[in-house]
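Peer 1: Residue numbers for the sequence shown follow the numbering used here, beginning at 2 and rising by one.
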Amino acid sequence: MKSPRMIAEIQKLADELDNVNDELTLYSSTNKLAPKPASVPILHSTNSLLTIDQRNQDTLKSPKNDRRSNVCCVCRTEKERGPFITALGKIWCPDHFICATPSCRRPLHDLGFVEEHGQLYCEYCFEQYLAPPCSKCNAKIKGDCLKAIGRNFHPECFNCVYCGKLFGNSPFFLEDAQPYCETDWNELFTTKCFACGFPVEAGDRWVEALNNNYHSQCFNCTMCKKNLEGQSFFAKGGRPFCKNHAR
Numbered sequence: 002m003k004s005p006r007m008i009a010e011i012q013k014l015a016d017e018l019d020n021v022n023d024e025l026t027l028y029s030s031t032n033k034l035a036p037k038p039a040s041v042p043i044l045h046s047t048n049s050l051l052t053i054d055q056r057n058q059d060t061l062k063s064p065k066n067d068r069r070s071n072v073c074c075v076c077r078t079e080k081e082r083g084p085f086i087t088a089l090g091k092i093w094c095p096d097h098f099i100c101a102t103p104s105c106r107r108p109l110h111d112l113g114f115v116e117e118h119g120q121l122y123c124e125y126c127f128e129q130y131l132a133p134p135c136s137k138c139n140a141k142i143k144g145d146c147l148k149a150i151g152r153n154f155h156p157e158c159f160n161c162v163y164c165g166k167l168f169g170n171s172p173f174f175l176e177d178a179q180p181y182c183e184t185d186w187n188e189l190f191t192t193k194c195f196a197c198g199f200p201v202e203a204g205d206r207w208v209e210a211l212n213n214n215y216h217s218q219c220f221n222c223t224m225c226k227k228n229l230e231g232q233s234f235f236a237k238g239g240r241p242f243c244k245n246h247a248r
């Protein structure tokens, strides 16, 4: 027959086991992937203004007695007499080296001009009709145009909204549709791994469990360090345990 003392000890052990079982909860972990750079901006230089003698040694010439034919790229007439213009690797009659805008038709040999879609435009028509507006300052982009997040920018206008660093052709990160450099994005928006204390950086695999965040390789059993990513686990005291070490 069991003594009252033995009965009391058995009851105490049973209560302790019940408390342990109450604290143990079965969970399933799922891994995630931290966001990568939103994009890399692309710099387009095709809209840079040109002037005669500025690029490609564009000049106004008279034909020389050589074997090469000088054919106007517009009218296809061979220039045997009189001056002709070379620009962008092509030859024009002076009367044909003009702005392509029908209402303008200014001669271009004394003006800055832009080649756009195979046509030449004076700098005034390009700015008025063709130059895209900068998405930040709203001024027309007459020179190099940087394309990013579906918009056009002056290269000096596309920068980190937090520190002002210019991106150039470097990757950037988007948060609430605003661009950030990698350093500021990691500092402002990344979470810290609960196990190692280091940030979950862009592109890292990570696990969200027990109201905390872990690197995938850091989400391990508290006792045996078995990795629990993508597996069922038990929680006790806010920490993960494998099945073998849950009790």
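Ideal placement from N, C-alpha and C gives every residue a C-beta, glycine not left out.
Asn213 lies in the beta strand (DSSP E); which residues open and close that run?
Peer 2: What you label residue 213 is simply residue 212 of the sequence shown in a count that begins at 1. From DSSP, the beta strand (DSSP E) with Asn213 extends over Asn213 to His216.
Peer 1: Which ranges would you report for the alpha helix (DSSP H) in the stretch 161-190 if only whole runs of at least 4 residues count?
Peer 2: Counting only runs of 4 or more, we get 183-190.
Peer 1: Report the three-state DSSP secondary structure of Leu18 (helix, strand or coil).
Peer 2: For the purposes of this step, residue 18 is taken as the residue at position 17 of the sequence shown. Note on Leu18: pLDDT 41, under 50, position unreliable in the model; no value is reported.
Peer 1: State the CB to CB distance for the pair Cys197 and Cys219, rounded to an integer number of angstroms; the pair is presumed to be in contact (CB under 8 Å).
Peer 2: Taking the first residue of the sequence shown as position 1, residue 197 is located at position 196. Taking the first residue of the sequence shown as position 1, residue 219 is located at position 218. The pair is a contact, with the Cβ atoms about 5 Å apart (cut-off 8 Å).
Peer 1: Applying the criterion that 16 or more other CB atoms from any shown protein chain within 10 Å of the CB defines a buried residue, is Tyr1 buried or exposed?
Peer 2: The structure shown does not extend to residue 1, since the chain is modelled only from 2 to 248, so the question has no answer here.
Peer 1: Starting from Tyr122, trace the beta strand (DSSP E) in both directions and tell me its first and last residue.
Peer 2: Counting from one through the sequence shown, the residue named residue 122 turns up at place 121. Start and end: Gln120 to Cys123.
Peer 1: Which partner residues of Asn153 appear in the DSSP bridge assignment?
Peer 2: In the sequence shown, counting from the first residue as 1, residue 153 sits at position 152. Answer is Lys148, bridged to Asn153.
Peer 1: My assumption, with CB atoms under 8 Å, is that Pro180 sits in contact with Phe190. Please give the rounded CB distance.
Peer 2: On the sequence shown, position 179 is the one that residue 180 refers to. On the sequence shown, position 189 is the one that residue 190 refers to. That pair is no contact at about 12 Å.
Peer 1: Quick one: residues in its chain with C-beta nearer than 7 Å to the C-beta of Lys227, no 5 flanking neighbours on either side, listed in chain order?
Peer 2: Locating residue 227 in the sequence shown gives position 226, where the first residue counts as 1. Taken in chain order, the residues that qualify are Asn221 and Cys243.
Peer 1: Have a look at the DSSP bridge pairing and note the partners of Val72.
Peer 2: Working through the sequence shown from its first residue, we reach residue 72 at position 71. DSSP output for Val72 lists Glu79 as bridge partner(s).
Peer 1: For the ligand NAP, any of its heavy atoms closer than 7 Å to the Cβ of Phe114?
Peer 2: In the structure on display, the ligand NAP does not appear, and there are no ligands present to speak of.
Peer 1: Using a Cβ-Cβ cutoff of less than 8 Å, which residues in the same chain neighbour Ala132 once the five nearest sequence positions on both sides are dropped?
Peer 2: In the sequence shown, the residue the question calls residue 132 occupies position 131. Counting only Cβ-Cβ distances below 8 Å, and skipping sequence neighbours, we find Asn48, Lys141, Ile142 and Lys143.
Peer 1: Looking at the structure shown, is Lys227 part of a helix, part of a strand, or coil, going by DSSP?
Peer 2: Position 226 of the sequence shown, counting from 1, holds the residue named residue 227. Coil.
Peer 1: Can you tell me which residues form a DSSP beta bridge with Ala132?
Peer 2: Indexing the sequence shown from 1 puts residue 132 at position 131. DSSP, once it has assigned bridges, lists no residue as partnering Ala132.
Peer 1: Return the CA-CA distance between Ser171 and Cys105, expressed in angstroms with no decimal places.
Peer 2: The residue labelled residue 171 in the question sits at position 170 within the sequence shown. The residue labelled residue 105 in the question sits at position 104 within the sequence shown. One C-alpha to the other measures close to 40 Å.
Peer 1: To the nearest angstrom, how far is it from the Cα of Ala178 to the Cα of Cys123?
Peer 2: By 1-based counting over the sequence shown, the position of residue 178 is 177. By 1-based counting over the sequence shown, the position of residue 123 is 122. Distance between the alpha carbons of Ala178 and Cys123 is about 36 Å.
Peer 1: So for Asn221, helix, strand or coil by DSSP?
Peer 2: Numbered from its first residue, the sequence shown carries residue 221 at position 220. The answer is strand: DSSP assigns Asn221 an E or B state.
Peer 1: Mind checking which residues open and close the beta strand (DSSP E) that includes Val201?
Peer 2: Translated into the one-based positions of the sequence shown, residue 201 becomes position 200. Segment: none, Val201 is in no beta strand (DSSP E) and carries neither H nor E.
Peer 1: When the Cα of Asp145 is compared with those of Ala101, Gly169, Cys126 and Trp207, which residue comes out closest?
Peer 2: Locating residue 145 in the sequence shown gives position 144, counting from the first residue. Closest by alpha carbon: Gly169.
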